[in-house]
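**Q** This is the structure, below, for whatever I ask next.
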């Protein structure tokens, strides 16, 4: 712009940054947003576009400030409903009109500090009511687990509509489609207008994708038993379209572990990236057979590395992986037009965070989120260029064009808040509350784009779609998709999954978590469910809940305990080995396998009473022969009167315990497997 970009207000002075998000427009032109400062942590702020008119609206979160308000939704009367937390009420629904006095607790679903666990977005209705998902105290509604509610903002006006098992999606006519457990369902906000959809079953491998056509949605279903190899994946993904009555099959695609995606580009159209008959295809569809056609196939489809909707039936995309081949194109629903190419684009060109301005032009990020560039386009080659003064700005939820503001009372320090927190001793203000930043893929809810690019700079430098890289190469190379899923650990702990050659993350998401398999050493799913009964009751994947909700809510992640996965040597104590060698535990490698292959060579001990270094130093003949000292001790050493360490005298043990000597059992094997639990004495040599 002519005026360029300038700092409006330095909320947290210095290099820390205030992590602004959730920009929400008010009817008077001002904007609500969440931000953190060193005194209050994450709180609700408001701005009219001036420094003086930018201020903390309400210090709701009186705890350590680590829980950010969220789930903002504008109601028909101009107010904004959202979820926030304090020590007195826990996490509950709040409402604001943009003034301090007009910001208050809206509804205390679960009285007391425990609060309510909310699920999904809040969907406003035209009559002023809104639909939301939550898991309040059992018995409060007659429906256990997560429940879909409709509310006018009062407890008396809040009604349970249905069980809720997963995602929900509101379309333009106000109806909400959702996963109701055994069936997908639709509601208009009334009990009589809430019903099941026939023709397609809900479940862990069924996903609501996006709106399509006129008043319909797209659903994808992966067939039971489908695996991403051979004929087991052919035609295994079915795409259905439903307007809330019966569902009809639109097309079938292959399930091959290489990933697929769907993008709602507006005007009733969706672009699908799928494999059909083994060939990658880019397909545009309006949900009808006649309105479905292939745009690109084969290598041309494979060259599309980034794709972002403009929301009006058009989209921006990046084609090509090398710098010379790369180009930014406009797709207008029918054809492609090149806007920029080659060295005019950043080295890791991508397109995301598209925002339309009031003059009809668009801003977008043309580079990954870890090194963002902002570009502007009027959708012509001559009108597409970088905006240098906005370097480093991430768009999307962190950008909103200001309108003209009307006369409103400025934010003011109010009288007493509606809920008084318990009295506490004076403490130092928090030094720096922070909320983990994730950028979840819309295709795979456990793929963190920000994490993947930050931990794989070669992928970031090369550009392209990080999820596609993970599905095609990264998983096989042992690269991790998020902070709490370790591909190597999962495969090492589950040899059957490794032998099957399937994608570790997809296996965990489809069945592994339900079978009690651990995602990584850093996350014990079963322990998380035991500690969080609301999550267990709702039947939610524990890692999905933790990363999307629990982490920000301050819930604990419990460290997993690896287990032995193959035949064990009688003197390799897996519990000892994993506790002593955290690097082995983190990788989930079988304890005996690791010790026999490399552990003894690295000077690691098989148990608390076998000292590898001592044995080799004491018995130089064994060291000179390059023999595994544990195997030598078991086969020859005991009979030759050799001891496993300075802490265990084998001959003394046998002399003291004649029953062991008579049974001709290796003394250390007996002690490790039986003697220590029987309270038998050992002797230092």
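In UniProt numbering, the protein residues as written are 1 to 685. C-beta atoms are modelled at their ideal positions from N, C-alpha and C, and glycine is treated no differently.
Give me, in chain order, the residues of the same chain whose beta-carbon lies closer than 8 Å to that of residue 691; leave out the 5 immediate sequence neighbours on both sides.
**A** Outside the modelled stretch of the chain, which goes from 1 to 685, sits residue 691, for which no answer is possible.
**Q** Check for me: the beta strand (DSSP E) holding residue 587 runs from which residue to which?
**A** Along the chain shown, read from residue 1 onward, the residue named residue 587 stands at position 587. Here residue 587 belongs to no beta strand (DSSP E); instead the alpha helix (DSSP H) covers 582-587.
**Q** Grouping DSSP H, G and I as helix and E and B as strand, with all else coil, what is residue 481?
**A** As a working mapping, residue 481 is identified with position 481 in the chain shown. Coil at residue 481, not helix or strand.
**Q** Given residue 198, which residues of its chain have a CB within under 6 Å of its CB, disregarding the five upstream and five downstream residues?
**A** Counting from 1 along the chain shown, the entry for residue 198 is found at position 198. So the list reads 246, once near-sequence residues are dropped.
**Q** For my contact list, residue 280 and residue 306 are in at a C-beta cut-off of 8 Å; report their separation, rounded to the angstrom.
**A** Within the chain shown, residue 280 is the residue found at index 280, counting from 1. Within the chain shown, residue 306 is the residue found at index 306, counting from 1. The Cβ separation is near 15 Å, so there is no contact.
**Q** By the three-class DSSP mapping on this structure, what secondary structure does residue 82 have?
**A** For the purposes of this step, residue 82 is taken as residue 82 along the chain shown, with counting starting at 1. DSSP places residue 82 in strand when its eight states are reduced to three.
**Q** What residue from 381, 344, 354 and 70 has the CA that sits closest to residue 336's CA?
**A** Residue mapping note: residue 336 aligns to position 336 of the chain shown, counting from 1. Residue 381 is the option with its Cα nearest to residue 336.
**Q** Decide if the stretch 545-556 is in contact with the stretch 606-613; the criterion is three or more beta carbon pairs, one per stretch, under 8 Å apart.
**A** no
**Q** According to the neighbour-count rule (16 or more other Cβ atoms, all chains shown, within 10 Å of its Cβ), is residue 658 buried or exposed?
**A** Numbered from its first residue, the chain shown carries residue 658 at position 658. Exposed: under 16 other Cβ atoms inside 10 Å.
**Q** Let me confirm a value: residue 360 is counted as buried when at least 16 other C-beta atoms fall within 10 Å, else exposed. Which label applies?
**A** Counting from one through the chain shown, the residue named residue 360 turns up at place 360. In the assembly as shown, residue 360 is an exposed residue. Its beta-carbon has fewer than 16 other beta-carbons within 10 Å.
**Q** Mapping the DSSP letters down to three states, classify residue 576 as helix, strand or coil.
**A** As a working mapping, residue 576 is identified with position 576 in the chain shown. It is helical.
**Q** Short of 6 Å in beta carbon distance, which residues of its chain neighbour residue 667, apart from the five on each side in sequence? Order them along the chain.
**A** Taking the chain shown and counting its residues from 1, one reaches residue 667 at position 667. Only 650, 653 and 654 meet the Cβ criterion.
**Q** Which same chain residues, not among the five before or five after residue 489, have their C-beta less than 7 Å away from its C-beta?
**A** For the purposes of this step, residue 489 is taken as the residue at position 489 of the chain shown. Sequence-distant Cβ neighbours of residue 489 in its own chain, meaning closer than 7 Å and more than five residues away, are 520, 521, 586, 587 and 588.
**Q** In whole angstroms, give me the CA-to-CA distance for residue 241 and residue 294.
**A** One-based indexing of the chain shown puts residue 241 at position 241. One-based indexing of the chain shown puts residue 294 at position 294. Answer to the nearest angstrom: the Cα atoms are 18 Å apart.
**Q** In whole angstroms, what separates the C-alpha of residue 623 from that of residue 630?
**A** The sequence position of residue 623 within the chain shown is 623, counting from 1. The sequence position of residue 630 within the chain shown is 630, counting from 1. Distance between the alpha carbons of residue 623 and residue 630 is about 12 Å.
**Q** Within the continuous alpha helix (DSSP H) that includes residue 525, where are the two ends?
**A** Here residue 525 is taken as the residue at index 525 of the chain shown, counted from 1. It spans 525-531 - the alpha helix (DSSP H) in which residue 525 sits, taken as one unbroken run.
**Q** What residue range does the alpha helix (DSSP H) around residue 621 cover?
**A** Residue 621 sits at position 621 when you count from the first residue of the chain shown. If you look at residue 621, you'll find it in the alpha helix (DSSP H) that goes 620-625.
**Q** Quick check on DSSP: helix, strand or coil for residue 565?
**A** Working through the chain shown from its first residue, we reach residue 565 at position 565. Of the three classes helix, strand and coil, the one that applies to residue 565 here is coil, per DSSP.
**Q** Here's a check: name, in chain order, each residue in its chain whose Cβ is nearer than 7 Å to the Cβ of residue 155, leaving out the five neighbours to either side.
**A** Against the chain shown, residue 155 aligns to sequence position 155. Cβ within range, chain order: 107.
**Q** Short of 6 Å in beta carbon distance, which residues of its chain neighbour residue 183, apart from the five on each side in sequence? Order them along the chain.
**A** Here the question's residue 183 lines up with position 183 in the chain shown. These residues qualify, in order along the chain: 196 and 202.
**Q** Please state whether DSSP places residue 165 in a helix, a strand or coil.
**A** To locate residue 165, count along the chain shown from 1; it is residue 165. Coil, per DSSP.
**Q** From the DSSP output, in three-state form, read off residue 288 for me.
**A** Translated into positions along the chain shown, residue 288 becomes position 288. In this structure, residue 288 counts as coil in the three-state DSSP scheme.
**Q** For residue 571, which option in 50, 634 and 529 has the closest C-alpha, if you only look at C-alpha atoms?
**A** In the chain shown, counting from the first residue as 1, residue 571 sits at position 571. Among 50, 634 and 529, the Cα nearest to that of residue 571 is on 634.
**Q** Cutting at 8 Å between CB atoms, please list the residues of its own chain near residue 76, excluding the five before and the five after it.
**A** Position 76 of the chain shown, counted from the first residue, corresponds to residue 76. Contacts found: 124, 125, 126, 127 and 128.
**Q** Could you work out which residue in 471, 558 and 515 is closest to residue 532 when comparing CA atoms only?
**A** Mapped onto the chain shown, residue 532 falls at position 532. Closest option to residue 532, Cα to Cα, is 558.
**Q** Quick one: what's got a C-beta closer than 7 Å to residue 476's C-beta in the same chain, skipping five residues either side?
**A** Residue 476 sits at position 476 when you count from the first residue of the chain shown. Taken in chain order, the list of residues that qualify is empty.
**Q** Using alpha carbons as the reference points, say which of 506, 149, 345 and 483 lies closest to residue 472.
**A** Working through the chain shown from its first residue, we reach residue 472 at position 472. Closest by alpha carbon: 506.
**Q** Identify every residue that forms a DSSP beta bridge with residue 93.
**A** Numbered from its first residue, the chain shown carries residue 93 at position 93. DSSP output for residue 93 lists 83 and 107 as bridge partner(s).
**Q** Please go through the same chain and pick out, in chain order, the residues whose beta-carbon is closer than 7 Å to the beta-carbon of residue 222, but skip the five residues on each side of it.
**A** In the chain shown, counting from the first residue as 1, residue 222 sits at position 222. Around residue 222, the same chain offers 205, 236, 237 and 255 as residues with beta carbons nearer than 7 Å, after the five sequence neighbours per side are excluded.
**Q** Within 10 Å of its beta-carbon, does residue 13 have 16 or more other beta-carbons around it, so buried, or fewer, so exposed?
**A** As a position in the chain shown, residue 13 is number 13, starting the count at 1. Result: exposed.
**Q** Rounded to whole angstroms, what is the Cα-Cα separation between residue 8 and residue 53?
**A** Against the chain shown, residue 8 aligns to sequence position 8. Against the chain shown, residue 53 aligns to sequence position 53. Taking the straight line joining both Cα atoms gives about 10 Å.
**Q** Can you tell me whether residue 200 is helix, strand or coil according to DSSP?
**A** Walking along the chain shown from the start, residue 200 turns up at place 200. Here residue 200 sits in strand by DSSP.
**Q** Give the DSSP bridge partners of residue 244, in chain order.
**A** Your numbering for residue 244 matches position 244 in the chain shown. Beta-bridge pairing links residue 244 to no other residue.
**Q** So which of 211, 304 and 81 has the shortest CA-CA distance to residue 173?
**A** What you label residue 173 is simply residue 173 of the chain shown in a count that begins at 1. Of 211, 304 and 81, the residue nearest in Cα terms is 211.
**Q** With burial defined as no fewer than 16 other Cβ atoms inside 10 Å of the residue's Cβ, what is the status of residue 249: buried or exposed?
**A** Start at 1 with the first residue of the chain shown, and residue 249 comes out as number 249. Result: exposed.
**Q** Would residue 395 pass as a contact of residue 345 if the rule is Cβ separation under 9 Å?
**A** Stepping through the chain shown from its first residue, residue 395 is reached at position 395. Stepping through the chain shown from its first residue, residue 345 is reached at position 345. Contact: no.
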